[in-house]
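Visitor: Sharing a structure with you now.
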Amino acid sequence: MAFQLSDYLVTDDLTILLCLIAASLFLLSNLYKPQPLVHPILLGRQSDVARVRNPGQSAVYRNYGTGMMGRLPVRPAKDINLLTDLVKVDFDAPRTLWSTKITNPELRERFMNFGTGLIRLTNLTAKESNVLVLLDDSIEFLLADLALASHSIASFTLTSLDLLSPVLERHPPDAIICHASFLPQLMELIYDSAETGHHTIIVVGESPDGPLTLAGVRVLKWDDVEKNGKQTEKIISPAPDPNDIFTVSFFSSRPGELRGAQLTHQNLTAGVAAARVLLPLSSAISPLDTIVSAHSMNTAYGRSIAYMAVYEGTSFATLDSTKIFAGAEATAEDTSDLTNVSNLPIPFPTIAFLKPGHVHSLTTSILERAKQSSRLLFQTAWRHKLSGLAEGFLTKDSLWDRIVFEGARQTVVGVGAGTVRGVVVSGGPLEAAALPAARVALSVPIVNAFTNPLVPGPVLASHPLDLQSFPVPGEASSDPFAQHYHCGPPSINVEAKLLGVKDDVVEAGGDPEGALFVRGPSVGKELVFGEDSWEQVNGDEEGWVATGVRGKVVSNGTFKVVVA
Numbered sequence: 001m002a003f004q005l006s007d008y009l010v011t012d013d014l015t016i017l018l019c020l021i022a023a024s025l026f027l028l029s030n031l032y033k034p035q036p037l038v039h040p041i042l043l044g045r046q047s048d049v050a051r052v053r054n055p056g057q058s059a060v061y062r063n064y065g066t067g068m069m070g071r072l073p074v075r076p077a078k079d080i081n082l083l084t085d086l087v088k089v090d091f092d093a094p095r096t097l098w099s100t101k102i103t104n105p106e107l108r109e110r111f112m113n114f115g116t117g118l119i120r121l122t123n124l125t126a127k128e129s130n131v132l133v134l135l136d137d138s139i140e141f142l143l144a145d146l147a148l149a150s151h152s153i154a155s156f157t158l159t160s161l162d163l164l165s166p167v168l169e170r171h172p173p174d175a176i177i178c179h180a181s182f183l184p185q186l187m188e189l190i191y192d193s194a195e196t197g198h199h200t201i202i203v204v205g206e207s208p209d210g211p212l213t214l215a216g217v218r219v220l221k222w223d224d225v226e227k228n229g230k231q232t233e234k235i236i237s238p239a240p241d242p243n244d245i246f247t248v249s250f251f252s253s254r255p256g257e258l259r260g261a262q263l264t265h266q267n268l269t270a271g272v273a274a275a276r277v278l279l280p281l282s283s284a285i286s287p288l289d290t291i292v293s294a295h296s297m298n299t300a301y302g303r304s305i306a307y308m309a310v311y312e313g314t315s316f317a318t319l320d321s322t323k324i325f326a327g328a329e330a331t332a333e334d335t336s337d338l339t340n341v342s343n344l345p346i347p348f349p350t351i352a353f354l355k356p357g358h359v360h361s362l363t364t365s366i367l368e369r370a371k372q373s374s375r376l377l378f379q380t381a382w383r384h385k386l387s388g389l390a391e392g393f394l395t396k397d398s399l400w401d402r403i404v405f406e407g408a409r410q411t412v413v414g415v416g417a418g419t420v421r422g423v424v425v426s427g428g429p430l431e432a433a434a435l436p437a438a439r440v441a442l443s444v445p446i447v448n449a450f451t452n453p454l455v456p457g458p459v460l461a462s463h464p465l466d467l468q469s470f471p472v473p474g475e476a477s478s479d480p481f482a483q484h485y486h487c488g489p490p491s492i493n494v495e496a497k498l499l500g501v502k503d504d505v506v507e508a509g510g511d512p513e514g515a516l517f518v519r520g521p522s523v524g525k526e527l528v529f530g531e532d533s534w535e536q537v538n539g540d541e542e543g544w545v546a547t548g549v550r551g552k553v554v555s556n557g558t559f560k561v562v563v564a
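Residue numbers (the working numbering): 1 to 564.
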């Protein structure tokens with residue numbers, strides 16, 4: 001029996017319908033499949049690597065965007081050379097700094113008034129005198145910092161209250177600026193140090209216990225100093241050089257140790273230049289943003305964040321956990337620390353510089369709240385969000401965010417949860433296994449940065465849209481880097497290399513591991529106190545400075561770090 005081709009093509013309506021449904025599902029799955037927010041090629045090579053290396057060392061790594069032949073940026077714009085230049089004269093829109101609504105002209109006027117009054121009443125000398133700033137983050141800290149820098153008077157800051165006694169005993173300042181609530185404790189420490197003849201104290205606010213006096217100590221009120229400068233002719237000092245030292249930030253790597261980060265104007269402007277490009281350039285920081293920070297201005301990194309906000313014209317505030325001298329109880333790095341910032345008269349935060357404790361607390365609280373609303377919907381939303389992350393896609397405006405996660409975020413953080421568009425995490429290791437959950441809970445770009453007391457701005461920073469997730473070995477793994485999420489490539493103006501690497505491992509194509517060293521325009525000088533004087537640690541002859549951590553570089557040019 002002969003068969004014709006048409007006999008094999010005979011179909012009924014059901015077959016045609018099923019074919020149409022299959023084709024429609026295929027097209028829909030491709031059309032609605034989320035596209036990656038950044039091309040995978042860009043994530044496959046995030047560092048530019050030198051072609052040669054020395055024995056026992058890794059090659060030199062730079063940010064791929066800078067390149068090995070590119071110049072390392074030293075300022076956010078060509079006309080920004082000094083700390084005071086960050087207060088741009090051509091920007092006069094008001095914004096809120098902590099609890100004060102102020103414009104740049106008003107900010108300039110106030111720090112010039114305070115600087116004039118300070119010099120007239122205390123007889124400080126440019127490039128010779130120094131002032132210890134014992135203030136928590138506030139508008140007064142900013143004004144004092146700018147005033148001292150404009151007159152080439154070095155400021156001292158402390159990252160911990162434990163460092164106050166050693167500084168007073170070993171390197172007494174010419175003047176001290178402190179909160180009124182901290183004045184009784186300061187007077188006691190000055191008395192114990194037997195250095196009363198060296199101190200003039202400028203007090204911010206009213207002392208709760210009334211005026212305090214001590215023989216040989218002169219106490220002035222902040223308002224009186226600023227008023228004196230306002231009512232007298234302004235003192236204009238010669239502009240400092242960008243390489244002049246404007247501050248020494250005292251810190252300690254271990255108990256009983258006293259070290260100092262000696263920072264120049266150029267170090268700070270370079271740090272600001274690196275900090276402002278941490279988030280996607282497609283949505284760069286603008287005056288419409290509000291920045292909140294969990295990093296004290298008494299640290300180099302915290303200072304660069306604050307001055308980045310000043311330069312960009314954004315509103316700015318710091319969390320309660322940054323307080324060192326106000327006398328309040330220590331605030332935990334959790335959701336309450338974030339919600340307390342809503343008590344300040346600033347707009348809802350849009351960019352947050354947090355610590356790992358904040359991210360962990362936020363993630364746990366938001367996901368638990370989302371589960372309580374509807375466990376069935378949560379499981380479905382969780383799978384869809386993870387599927388998007390696997391495709392390199394992240395959004396907080398999806399259907400599942402609107403019906404599951406948005407309400408949970410508002411319950412935990414408040415109404416302003418919907419305004420946050422970027423998070424930068426630093427100040428400790430970020431667990432790799434916890435990051436997918438954090439991205440689901442927050443649904444915004446998360447940057448993991450590594451910082452160092454000697455460096456304003458980030459040392460290393462991950463790409464904000466690098467959503468890759470790799471299997472994490474169990475806790476029994478012998479690899480100390482396995483549990484930590486990578487810190488990305490070096491920032492735009494930092495060069496990095498590892499010392500003490502195993503040559504045979506590197507030559508066999510393995511990942512180099514060793515002590516992390518960095519150099520660049522944002523890297524300051526380290527001071528170590530000897531028996532009778534301060535000793536400056538300059539690193540080696542090529543300017544490489546030890547960070548005190550061990551690093552590992554993987555094949556795509558991203559770094560992982562652990563404490564040495």
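C-beta: ideal position from N, C-alpha, C; glycine also.
Since Ser462 and Gly488 should fall inside the 8 Å C-beta cutoff, what is the C-beta to C-beta distance between them, to a whole number of angstroms?
Guide: Contact holds; Cβ gap of about 3 Å.
Visitor: Can you list, in chain order, the stretches of the beta strand (DSSP E) that have 3 or more residues and sit fully within the region 364 to 440?
Guide: Here the runs fully enclosed are 422 to 425.
Visitor: Output needed for Thr269: all residues of its chain with C-beta closer than 6 Å, excluding positions within five of it in sequence on either side, in chain order.
Guide: Result list for Thr269: Arg75, Ile80, in chain order.
Visitor: Helix, strand or coil for Tyr61 per DSSP?
Guide: In this structure, Tyr61 counts as strand in the three-state DSSP scheme.
Visitor: What separation, rounded to the nearest whole angstrom, lies between the Cα atoms of Ser165 and Thr159?
Guide: Approximately 13 Å between the Cα atoms of the pair.
Visitor: Excluding five sequence neighbours on each side, which residues of the same chain lie with their C-beta closer than 6 Å to the C-beta of Gly115?
Guide: These residues qualify, in order along the chain: Ala147, Ser150, His151.
Visitor: Select from Pro242, Tyr64, Leu134, Gly302 the residue whose C-alpha is nearest the C-alpha of Pro458.
Guide: Out of Pro242, Tyr64, Leu134, Gly302, Gly302 has the C-alpha closest to the C-alpha of Pro458.
Visitor: Leaving out the 5 sequence neighbours to the left and right, which residues in its chain are closer than 7 Å to Val420 when beta-carbon positions are compared?
Guide: Around Val420: Pro349, Thr350, Ala352, Val444.
Visitor: By how many angstroms is the C-alpha of Val423 removed from the C-alpha of Ala23?
Guide: The straight-line gap from Cα to Cα measures roughly 41 Å.
Visitor: Using 10 angstroms around the beta-carbon of Phe481, count the other beta-carbons present and answer buried if the total reaches 16, otherwise exposed.
Guide: Flag for Phe481 reads buried.
Visitor: Can you give the Cα-Cα distance for Lys502 and Glu513, rounded to whole angstroms?
Guide: Distance between the alpha carbons of Lys502 and Glu513: 8 Å.
Visitor: Considering only C-alpha positions, which residue in the set Leu465, Ala408, Glu226, Asp401 is nearest to Ala390?
Guide: Measuring from the Cα of Ala390, the nearest candidate turns out to be Leu465.
Visitor: Let me confirm a value: Arg170 is counted as buried when at least 16 other C-beta atoms fall within 10 Å, else exposed. Which label applies?
Guide: Exposed is the call here.
Visitor: Given this structure, state the Cα-to-Cα distance separating Ser249 from Met297, to the nearest angstrom.
Guide: Cα-Cα distance, rounded: 10 Å.
Visitor: Let me know the secondary structure DSSP gives Leu82 once reduced to three states.
Guide: Correct three-state label for Leu82: coil.
Visitor: First and last residue of the beta strand (DSSP E) that includes Gly557?
Guide: Taken as a continuous stretch (DSSP letters only), Gly557 belongs to no beta strand (DSSP E), as it is neither H nor E.
Visitor: Mind checking which residues open and close the beta strand (DSSP E) that includes Gln262?
Guide: Note, Gln262: beta strand (DSSP E), 259 to 264.
Visitor: What does the alpha-carbon distance come out to for the pair Pro456 and Asp401?
Guide: The alpha-carbon atoms of Pro456 and Asp401 are separated by roughly 36 Å.
Visitor: Just to confirm the assignment: which complete beta strand (DSSP E) runs, minimum length 3, are found wholly within the region 318 to 366?
Guide: You should have 351 to 354.
Visitor: On the DSSP bridge assignment, give the partners of Pro490 in chain order.
Guide: DSSP, once it has assigned bridges, lists Leu460 as partnering Pro490.
Visitor: How far does the beta strand (DSSP E) with Thr100 in it extend, from its first residue to its last?
Guide: Here the beta strand (DSSP E) through Thr100 covers 100 to 102.
Visitor: Are the Cβ atoms of Arg369 and Val412 separated by less than 8 Å?
Guide: Yes; because the gap between Cβ atoms is below 8 Å, this pair is in contact.
Visitor: Can you name the residues that DSSP bridges to His199?
Guide: Answer by DSSP bridge pairing: none, since His199 is not bridged.
Visitor: Run through DSSP, which three-state label would Lys525 get?
Guide: Residue state, collapsed to three classes: strand.
Visitor: By DSSP's criteria, Ile153 is part of a beta bridge. Which residues make up the other side?
Guide: According to DSSP, Ile153 bridges with nothing at all.
Visitor: Work out the CA separation of Val219 and Val277 for me, nearest whole Å.
Guide: The alpha-carbon atoms of Val277 and Val219 are separated by roughly 43 Å.
Visitor: Beta-carbon separation of Leu83 and Leu142 under 8 Å?
Guide: Against a cut-off of 8 Å, the Cβ pair of Leu142 and Leu83 comes out as no contact.
Visitor: With a CB to CB cut of under 7 Å and the five nearest residues on each side skipped, what residues in its chain are close to Gln266?
Guide: Closer than 7 Å at the Cβ level, and outside the excluded window around Gln266, lie Val74, Pro242, Asn243, Pro521.
Visitor: Could you tell me the alpha carbon to alpha carbon distance between Leu319 and Asn54, rounded to whole angstroms?
Guide: Rounded to the nearest angstrom, the two C-alpha atoms are 44 Å apart.
Visitor: By Cβ distance, which residues of its chain are closer than 6 Å to Trp544, with the 5 residues on each side in sequence left out?
Guide: Here the set comprises Phe517, Arg519.
Visitor: From the DSSP secondary-structure annotation, give me the bridge partner or partners of Ser249.
Guide: Ser249 is bridged to Thr157, Ala261.
Visitor: For Ala381 and Leu43, what's the separation of their Cα atoms in angstroms?
Guide: If I take the Cα positions, the gap works out to 27 Å.
Visitor: How about the region 110 to 127 and the region 231 to 239: do they share at least three Cβ pairs that are nearer than 8 Å?
Guide: As far as the Cβ criterion goes, the region 110 to 127 touches the region 231 to 239, which means the pair count is three or higher.
Visitor: Nearest to Val472 by CA position, among Ala300, Leu435, Ser138, Met68, is which residue?
Guide: Checked all of Ala300, Leu435, Ser138, Met68; the closest Cα to Val472 is Leu435.
Visitor: Can you tell me whether Asp48 is helix, strand or coil according to DSSP?
Guide: Three-state DSSP puts Asp48 in a strand.
Visitor: Does DSSP put Gly115 in a helix, a strand or coil?
Guide: DSSP places Gly115 in helix when its eight states are reduced to three.
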